[in-house]
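Report on the following structure.
Residue numbers (the working numbering), protein chains in the order written: chain A, 21 to 262; chain B, 17 to 198.
So this is what it looks like as structure tokens:
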């Protein structure tokens, strides 16, 4: 530990922090109604499944005018897409590289990823290792990204962790098939990409404004292809991965 | 603090299975560090208390998805830190976080040797420098040095990779060095 680090620890111990309140009783009081409500939920689960199915069905029709709470969520494997009336406020992240993670070479990514990292026919201009084992391939420059391809292994994603798109009501959500794998194509109004933790809170750095996005799962890997491309081009690119 | 994990693992497992007493025990033993975390992130005792309460309530709800055997403390602190963030952001407090350096070290009636190496003036200077770091750098400093969490714990609490903890720590220290030594 350096002198500066030691000084910070000493400073931390000397900080004026108020005496912590005892919250045991307050927490118990807030939990009481929840515990009382804890009942077996097979019926609720069944309803939830039905809603997801309905959501998937309706999504095939595209849902730019989705206003009903009934079809707000579409689940694709470990990812969920939620349509909301208003997008949440997301702090602008001017530094794309910082968001994507650590810059590595494609060979390093292949060595460290623990899965078979795929790429488009074209060599990526930059490769990043991000949180949760995501490998990002950037085509174009960080200032002017043309295409982004993200590959996230499910096994390294906490089982609770959810990939989530939050789309405005004007976003088109179309269910598609990528070489037989279930996927979705999001286009139209802006939407945000979030990685959520077990409580549904966005993980730091994960929120980003995305262009059109093709999202699909294949062989335990969640793929996202983002860029200013139409559905056919995105599907073609997805089919060309190697 | 370090001797806690084995007990936590057993208590968390019992709480996960619906044992309310076990969860109460976890609340009791972690409320101090939870409050400290929330306070250092919000700078407000009221917000911190609210974040801690909400954090425990959410932790109870999330327990069924808590991985058996995983360390409980960083998992909980992450929830609390999220709650603290939400409160700070919802109030639009984007200005530098102002904490205060106390005159003495908590729990020390007599000045300790380590307290003596850092004069009050220098503490305030260093704290000012920390306060002007950007939010991410400040969080790293808070977790690693003010809360004395390990790199792994910090990674869990902030939801980032261990490598990112290392690189951000290095960046934050470099910036602090520039300010206090420059």
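Ideal placement from N, C-alpha and C gives every residue a C-beta, glycine not left out.
Owing to the predicted nature of the structure, the values given are computational and were not obtained by experimental measurement.
Cβ pair residue 31(A), residue 56(B) closer than 8 angstroms: In terms of Cβ geometry, residue 31(A) and residue 56(B) do not form a close pair [threshold 8 angstroms].
Unbroken beta strand (DSSP E) run spanning residue 241(A), endpoints: Note, residue 241(A): beta strand (DSSP E), 241 to 247.
The stretch 92 to 100 of chain B / the stretch 59 to 76 of chain B touching (three or more Cβ pairs under 8 angstroms): By the Cβ rule, the stretch 92 to 100 of chain B counts as touching the stretch 59 to 76 of chain B, because three or more pairs are nearer than 8 angstroms.
DSSP-derived helix/strand/coil call for residue 33(B): Here residue 33(B) sits in coil by DSSP.
Short Cβ contact (8 angstroms threshold) for residue 31(B) with residue 79(B): The criterion of a C-beta distance shorter than 8 angstroms is satisfied by residue 31(B) and residue 79(B).
Residues near residue 153(B) by beta carbon distance below 7 angstroms, same chain, minus five either side: Here the set comprises 184, 187, 188, 191.
Bounding residues of the alpha helix (DSSP H) (the contiguous stretch that carries residue 238(A)): Per DSSP, residue 238(A) belongs to no alpha helix (DSSP H); it is in the beta strand (DSSP E), 232 to 238.
Interface residues of chain A facing residue 61(B) [CB-CB closer than 7 angstroms]: Going along chain A in sequence order, the residues near residue 61(B) (Cβ under 7 angstroms) are 38.
Chain-ordered chain A contacts of residue 40(B) [CB-CB under 9 angstroms]: Result: 44, 47, 48.
Residue-level contact to chain B via CB, residue 29(A), 8 angstroms cutoff: Chain B contact via Cβ: present.
Selection from 242(A), 206(A), 241(A), 238(A) that minimises the alpha carbon distance to residue 250(A): Minimum Cα distance to residue 250(A) is reached at 206(A).
Test: residue 162(A) CB closer than 8 angstroms to a CB of chain B: Any Cβ of chain B closer than 8 angstroms to the Cβ of residue 162(A) would place that residue at the interface, and such an atom is absent.
Rounded straight-line distance, which links the Cα of residue 179(B) to that of residue 235(A): One C-alpha to the other measures close to 27 angstroms.
N-terminal and C-terminal residue of the alpha helix (DSSP H) that residue 75(B) is part of: Run containing residue 75(B): 61 to 78, per the alpha helix (DSSP H) assignment.
Exposed unless 16 or more other CB atoms sit within 10 angstroms - verdict on residue 90(B): Counting every other CB atom within 10 Å of its CB across the protein chains shown gives residue 90(B) a total of 16 or more, marking it as buried.
Given residue 82(B) as reference, the closest of 59(B), 43(B), 33(B) once Cα atoms are compared: Among 59(B), 43(B), 33(B), the Cα nearest to that of residue 82(B) is on 33(B).
Pair within 8 angstroms by beta-carbon distance, residue 44(A) and residue 43(B): Going by beta carbons, residue 44(A) and residue 43(B) fall inside the 8 angstroms limit.
The stretch 191 to 199 of chain A / the stretch 153 to 167 of chain A touching (three or more Cβ pairs under 8 angstroms): Taking one beta carbon from each stretch, the stretch 191 to 199 of chain A and the stretch 153 to 167 of chain A have fewer than 3 pairs nearer than 8 angstroms; the two do not touch.
Member of 136(A), 141(A), 164(A), 127(A) whose CA lies at the smallest distance from the CA of residue 147(A): Comparing Cα positions, the closest option is 127(A).
Given residue 149(A) as reference, the closest of 29(A), 140(A), 129(A), 24(A) once Cα atoms are compared: Among 29(A), 140(A), 129(A), 24(A), the Cα nearest to that of residue 149(A) belongs to 129(A).
Ordered list of alpha helix (DSSP H) runs contained in the stretch 142 to 191 of chain B, each at least 4 residues: DSSP assignment within the stretch 142 to 191 of chain B yields the following whole alpha helix (DSSP H) runs of 4 residues or more, N-terminal first: 151 to 157, 167 to 174.
Bridge partners - residue 148(A), DSSP secondary structure assignment: Looking at the DSSP output, residue 148(A) bridges to 123(A), 156(A).
CB contact check: residue 89(B) to chain A, cutoff 8 angstroms: No - not a single Cβ of chain A is within 8 angstroms of the one on residue 89(B).
For residue 198(A), the three-state DSSP class (helix, strand or coil): Here residue 198(A) carries a strand assignment [DSSP, helix/strand/coil].
Within 8 angstroms of chain A by C-beta, residues of the stretch 166 to 197 of chain B in sequence order: Under the 8 angstroms Cβ criterion, the stretch 166 to 197 of chain B contributes 174, 175, 176, 177, 179, 180, 183, 189, 192, 193, 196.
Terminal residues of the beta strand (DSSP E) in which residue 170(A) lies: Membership of residue 170(A) in the beta strand (DSSP E) is indicated by the continuous run 165 to 173.
Chain-ordered neighbours of residue 25(B) on chain A, where CB pairs are closer than 8 angstroms: Result: empty, since nearest Cβ-Cβ is about 17 angstroms, beyond 8 angstroms.
Limits of the unbroken alpha helix (DSSP H) element including residue 253(A): 251 to 259 is the extent of the alpha helix (DSSP H) around residue 253(A).
Short CB-CB distance (under 8 angstroms) between residue 146(A) and chain B: Residue 146(A) does not count as touching chain B.
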